[in-house]
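Residue numbers are given in numbering that gives the first Met the number 0: position 63 of the sequence shown equals residue 62, and the series is strictly consecutive.
All C-beta atoms, glycine included, are put in the ideal place defined by N, C-alpha and C.
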Amino acid sequence: MDWSGLWSTIRRWCVGEENWVDSRTVYIGHREPPPGTDAYIVQNYPDNRIVSSKYTFWNFIPKNLFEQFRRIANFYFLIIFLVQLIIDTPTSPVTSGLPLFFVITVTAIKQGYEDWLRHKADNAVNRCPVHVIQGGKVVQKQSRKLQVGDIVMTKENETFPCDMVFLSSSSDDGTCFVTTASLDGESSTKTYQAVQDTKALRTEAEVDTLNATIECEQPQPDLYNFVGRINIYHETEEPIARPLGSENVLLRGATLKNTQSIYGVAIYTGMETKMALNYQSKSQKRSAVEKSMNMFLIVYLCILISKALITTILKFMWQSDSVRDEPWFNMKTQAERQRNKFLSSFTDFLAFMVLFNYIIPVSMYVTVEMQKFLGSYFISWDEEMFDDEICEGPIINTSDLNEELGQVEYVFTDKTGTLTENNMEFIECCIDGHVHVQHSISNGQSFYSNAAIDFIDAPVGIADQERKELFFRALCLCHTVQVKREDETDYQKQHQDGRSSVYISSSPDEIALVEGVKRLGFTFVQVKDNFMELENPEAEIERYELLQILNFDSVRRRMSVIVRSVTGEIILFCKGADLSIFPRVKAGKLDLVRQRVQQNAVEGLRTLCVAYKVLTSEEYDSVHALLQNAKLALQERDRKLAEAYDLIESDLDLLGATAVEDRLQDKAAETVEALQKAGMKVWVLTGDKMETAAATCYACKLFRRSTQLFELTTKRIEEQSLHDVLFDLNRTIIRQSGSLPRDTYSGFSQHDLHDYGLIIDGTTLSLIMKPAENGSSSNYKDLFLEICRNCSGVLCCRMAPLQKAQIVKLIKSSKEHPITLAIGDGANDVSMILEAHVGIGILGKEGRQAARNSDYCIPKFKHLKKLLLVHGHYYYIRIAQLVQYFFYKNVCFIFPQFLYQFFCGFSQQPLYDTAYLTLYNISFTSLPILLYSLMEQHVSIDTLRRNPFLYRDVAKNSLLSWKSFIYWTFLGVFDAVVFFFGAYFIFDNSTMTSNGQLLRANLNMMFGNWTFGTLVFTVLVFTVTLKLALDTHNWTWVNHFVIWGSLLFYIIFSFLWGGIIWPFLNYQRMYYVFMQMLSTGPAWLGIILLITISLLPDVVKKVLCRQLWPTATQKLQDILRQSKKDRVSEFSPLAPPPSSTYTNNIYRSHQQSKSISADSRKVTHTYWAEDDYCNNPSLFDYSGNHYPTNARCIFVPSGLETTV
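The following block contains the structure:
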């Protein structure tokens, strides 16, 4: 059954047929078509108003409250607050209502302010003036009043106010130049073409006479595709239909450049423009910390319910004795005696829930949000991550994943533009097996690919010369490059010969090829009046009529042009990837060209193949008709064009191939190496051919010379079945890698054994991902994952964008559920960026679609190292400590309340005063942990950067493991027991009086319930605050101010709260309590003693663990402390130096270096003595020799390490 058709029918029936048509008709200038043509349909399209705001003045409060109470914690505290209002509870509703009100208010203010800024920006855009043609004149109106069908005039450097079809421009050839930086971030200037039949309309009056309609698709978010046609009506002639594509549509947000003015007709307005449709928010990503936090919250909720049940049952048992149930001082009323016991027990259960509900930290959520929001600014403010070339720094699109940066286990990276610069340089070309290099061809020399690198001066044959010139002409003609005067454009590569013109193209490859062939003697001059002009080596201008352009797409991986020479010869030139050209070739020296292409690919060069064929007039007429029918189609135009291209681009004659170089980005190899040492698996996902991608992987140190590579490619699958290949690889890798002992810190083998690398192509991946015939998932996936898990690096080549996302999803959903990160710079990387846990966009040269869809944007790949190893490491440790600390201090806070019920007959009597209950999480203990979570640095930034292995200390969410959670919980329970029973025994002692003159009976009057609770609360506040102080490594004046200031605020507040009779209170139970408690010496001694006892176990535990089971971070901290005395600088063990000796400043003899024990482990820190230093191999319990401080830097080879 066709469910899609049924669903479409239901939608049409419910909404209306007119809203679900597949296309729309736009009447240019709102002019009705002539009689006898199409019927005029009244248009009903939205205005041009842009709305990016979320709320309005009227719906802000209800909508915001609804969204906030969808969070479980907020909804829970709302229920508790309502219970306090409905039934008689032991605490005031203020104790729950005020913290909840504080959290809701702070969040609402933040979201309201952000939405107000969006309203302000929307009003500025909607009220900007635009120029519209009405009655043959230019009329100015506000942008929001623009309607579909209006003819709009846009001037140079103005932004297009809506999506419109390009009618004409001030240029004679009907072109205009546009930058789309605000849409996709591409800074290069793009060329757009006016409709061929309207480009002659230059004035307002001429444009206003146009009588035409546009049929086009309904609004789509795709920025790069458009399907439509224009019907132009004349009084005496039949209507003329012309196809419309993306090259004819100017999008809202783009800016007109280097063109005086243009005219266009609005087709999509307001929220139907492609820019607005791309505003849709991405799916929400949740970090591992947030998931752990929610799990811990569920555990504490169970503990809360358990406490309430236990105390309810014990109260029922306590009151089963009639003497305890109805004492003389609290006689029950008749209604209370007749009350249902079940209802009474349920009410008691709710009352205990209210009494113990503070174990759930409501303020933790707002503190976490503030920490993430404020912490994200530290990334954007990082000057070391600012790039001077593009004058931009990191951009934070979401702050919800800061801590996830410290948990990454898999890094999936694109190659071109991410690992490489995407700055192409023409290297050579191969014509029928003859290799031509720039400097040699200028001297009339060439050499053969199968010969040594010697230049042959012998003249080339006439036939070869003609083929060579045809190849150069193909490079000059088969492209979409535009030429502009240097003083008329903002940007692009300039010619090196001093001419004041530049090449403009969205593809760096095309610019490199055109510039390269220019240096070889053939210069592309311009495109004028649909003629392409080039200058040959004899300085003659050749003109070719441009008949058709078969544009490049990622599926075909090739492009073609059809041109007519002055002699009338019609030629199709085609260039593209080798796999898309070779199968379509029927003539040419295929083997020689293939050999050179493979050799260039091994060297890491990007290759393109060039072919051609001559068309007769009859063949071209057939081609033209085929293309015209496909272009005029409104339905399935892409499929019809693809079929037409497939028929046209066949039976080609191979001319040769080109090679361009895309250089590796600065410090890309260093970054990849650091990520691997940090324990991350790095995968390269690219659409390039295997040889080119493998060369890049070697250059960036993903693969090393010792790496044994295994291939899962189409070629091998043809020789052996996929099943056998996978099982063979699995046996080989698992058998050998299972016996390799791995270094805990560097991640490399301790012996000189091979690491393994894997190369897989897109075709083989499709077979692995293909479901089994019975419909279940193939077991090949598990084998593939097991192989990849034991490889140090994986290269996936010939990948389609969707396959990149499939790879990320496959790893993400494996049984270990690792945290994945995807990084890329182009639109083809968006799918994997959205799929990964963390998406990183590079602010590169292929537009900013990747940056707009990512969670974080960085200027260069090298900045990923600091983003993960420093910022990610810090943020994870900070927020993990924040979460555990919040649960700990709330256990300390509420468990004494639970114990107190055993001493008050389960009467639900609160231990603490209402003010203390309300302000504990809001004021007394909130700021210190917030500042800690923003500023804590357990080791310095340089230490983290130079020691990537420290990243492993926090891997696998180790600081929020169940073991750590249980420890913090039991520590809180222990401290709570100390607080309660310590204060209880102090109260039970008659020496509590200051002068010994008071009787014991008077003691009970003077030191009653509220004094006891205040004593416990005082010890509590000081203990949890000092606990945080003991955990702080990075002390600044801000930490001192907040920590000691919080304690001082508590003391001042307690003095004021208990020292003044407040008129607005109906009770004065705290009057003079705090002062009376502190007036006795034993109280002071008890407070100090209880704080010490509470903190002692944690201190002892840390000391013992540090001595017996130290982590790598703790070892390094000890080294750094010692280095402050000995002036020591630390370095991490990385890889073997190029030679056994490396000397700084002064050469040290080879004989002295040989005296060093080759069996000793590597040096990790250095004693400095003026300008020289020596290695001290004492870190991580490694033994070795010590050298005098006047020795120079000496390395001893013993295993896999890198030079420092």
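Considering only C-alpha positions, which residue in the set the options is nearest to residue i?
| i | options | result |
| --- | --- | --- |
| phenylalanine 860 | Arg557, Gly840, Ile876 | Gly840 |
| phenylalanine 1073 | Asn421, Met352, Phe1052, Leu373 | Phe1052 |
| leucine 222 | Ile302, Leu243, Thr212, Leu250 | Leu250 |
| serine 791 | Leu701, Lys527, Arg69, Val724 | Leu701 |
| threonine 762 | Phe726, Asp754, Val1099, Lys714 | Lys714 |
| histidine 435 | Tyr376, Leu519, Ile359 | Leu519 |
| valine 1018 | Tyr966, Ala1082, Trp1043 | Ala1082 |
| leucine 404 | Thr479, Ala658, Lys314, Ala821 | Ala821 |
| lysine 1026 | Tyr502, Ser379, Pro1096, Leu512 | Pro1096 |
| leucine 959 | Leu474, Ser286, Gly28, Pro242 | Ser286 |
| asparagine 156 | Pro220, Ile239, Ser260, His130 | Ser260 |
| proline 947 | Ala677, Lys109, Ala835 | Ala677 |
| serine 245 | Gln219, Glu420, Ile103 | Gln219 |
| tyrosine 364 | Phe101, Thr153, Phe80, Glu710 | Phe101 |
| leucine 303 | Phe886, Thr917, Pro1109 | Phe886 |
| glutamate 214 | Gly148, Thr88, Leu764, Ala694 | Gly148 |
| aspartate 723 | Cys475, Phe783, Lys769 | Phe783 |
| cysteine 573 | Val592, Arg126, Gly567, Lys612 | Lys612 |
| isoleucine 266 | Val164, Leu313, Ala975, Tyr931 | Val164 |
| alanine 694 | Leu476, Leu631, Gln597, Ser720 | Gln597 |
| phenylalanine 709 | Asn122, Phe59, Cys787, Ile79 | Cys787 |
I believe residue i touches residue j by the beta-carbon criterion, under 8 angstroms. Please report the beta-carbon distance rounded to the nearest angstrom.
| i | j | result |
| --- | --- | --- |
| aspartate 854 | glycine 871 | 12 angstroms between Cβ atoms; not a contact. |
| asparagine 396 | cysteine 903 | Their Cβ separation, rounded to whole angstroms, is 53 angstroms, which puts asparagine 396 and cysteine 903 out of contact at 8 angstroms. |
| methionine 1076 | threonine 1024 | The pair is not a contact, with the Cβ atoms about 19 angstroms apart (cut-off 8 angstroms). |
| alanine 982 | leucine 1029 | In fact, because the Cβ distance is near 22 angstroms, the residues do not count as touching under 8 angstroms. |
| arginine 605 | aspartate 661 | 6 angstroms |
| glutamate 509 | valine 480 | 5 angstroms |
Nearest-angstrom Cα distance between residue i and residue j?
| i | j | result |
| --- | --- | --- |
| lysine 808 | arginine 944 | 30 angstroms |
| asparagine 827 | leucine 868 | 27 angstroms |
| arginine 595 | aspartate 760 | 21 angstroms |
| valine 298 | cysteine 891 | 16 angstroms |
| phenylalanine 225 | asparagine 247 | 9 angstroms |
| glutamine 664 | glycine 135 | 54 angstroms |
| serine 305 | phenylalanine 905 | 15 angstroms |
| alanine 350 | serine 344 | 10 angstroms |
| serine 95 | phenylalanine 76 | 7 angstroms |
| leucine 607 | glycine 575 | 5 angstroms |
| threonine 415 | asparagine 421 | 6 angstroms |
| alanine 804 | threonine 691 | 22 angstroms |
| asparagine 356 | tyrosine 755 | 54 angstroms |
| histidine 1204 | valine 938 | What the structure shows of the chain is the stretch from 0 to 1203, and residue 1204 is not part of that stretch, so it cannot be assessed. |
| phenylalanine 68 | threonine 1110 | 42 angstroms |
| arginine 557 | leucine 646 | 14 angstroms |
| aspartate 456 | phenylalanine 425 | Reliability of the predicted coordinates at aspartate 456 is poor, the pLDDT of 32 falling under 50, and the value obtained from them is presented with this limitation in mind. Using only the alpha carbons, I get a separation of about 23 angstroms. |
| tyrosine 432 | phenylalanine 581 | In the sequence on display, residue 432 carries glycine and not tyrosine. One C-alpha to the other measures close to 15 angstroms. |
| lysine 814 | lysine 284 | 20 angstroms |
At a cut-off of 7 angstroms, would you count residue i as near the ligand HEM, judging by its Cβ distance to the nearest heavy atom?
| i | result |
| --- | --- |
| valine 436 | The model depicted lacks the ligand HEM and carries no ligand whatsoever. |
Using beta carbons (cut-off 8 angstroms, strictly below), is residue i in contact with chain D?
| i | result |
| --- | --- |
| threonine 924 | Checking the listed chains, one finds no chain D in this structure; it contains a single protein chain. |
Q) Do the stretch 945–955 and the stretch 384–395 touch if we need at least three Cβ pairs shorter than 8 angstroms? A) Fewer than three pairs of CB atoms, one per stretch, sit closer than 8 angstroms, so the stretch 945–955 makes no contact with the stretch 384–395.
**Q.** Three CB pairs or more closer than 8 angstroms across the stretch 23–33 and the stretch 83–96
**A.** no
Q: List in chain order: all unbroken beta strand (DSSP E) runs of 3+ residues lying wholly within the stretch 644–670.
A: 651–663
Q | Start-end ranges of the alpha helix (DSSP H) lying completely within the stretch 127–175, minimum 4 residues | A | none
(Q) Threshold first: 4 residues or longer. Then list the alpha helix (DSSP H) segments lying entirely within the stretch 841–912, N to C. (A) 848–851, 862–865, 872–899
Q. Where in the stretch 778–815 do unbroken runs of the alpha helix (DSSP H), each at least 4 residues long, occur, reported from the N-terminal end onward?
A. 779–788, 800–811
Q. Counting pairs of beta carbons, one from the stretch 526–545 and one from the stretch 559–574, are three or more of them closer than 8 angstroms?
A. Three or more beta-carbon pairs separated by less than 8 angstroms link the stretch 526–545 to the stretch 559–574, which places the two stretches in contact.
Q. Does the stretch 194–211 come close enough to the stretch 587–603 to have 3 or more Cβ pairs within less than 8 angstroms?
A. no
Q) Does the stretch 463–482 touch the stretch 511–528, meaning 3 or more C-beta pairs lie closer than 8 angstroms? A) Segment contact: the stretch 511–528 against the stretch 463–482, three or more CB-CB distances shorter than 8 angstroms; contact assigned.
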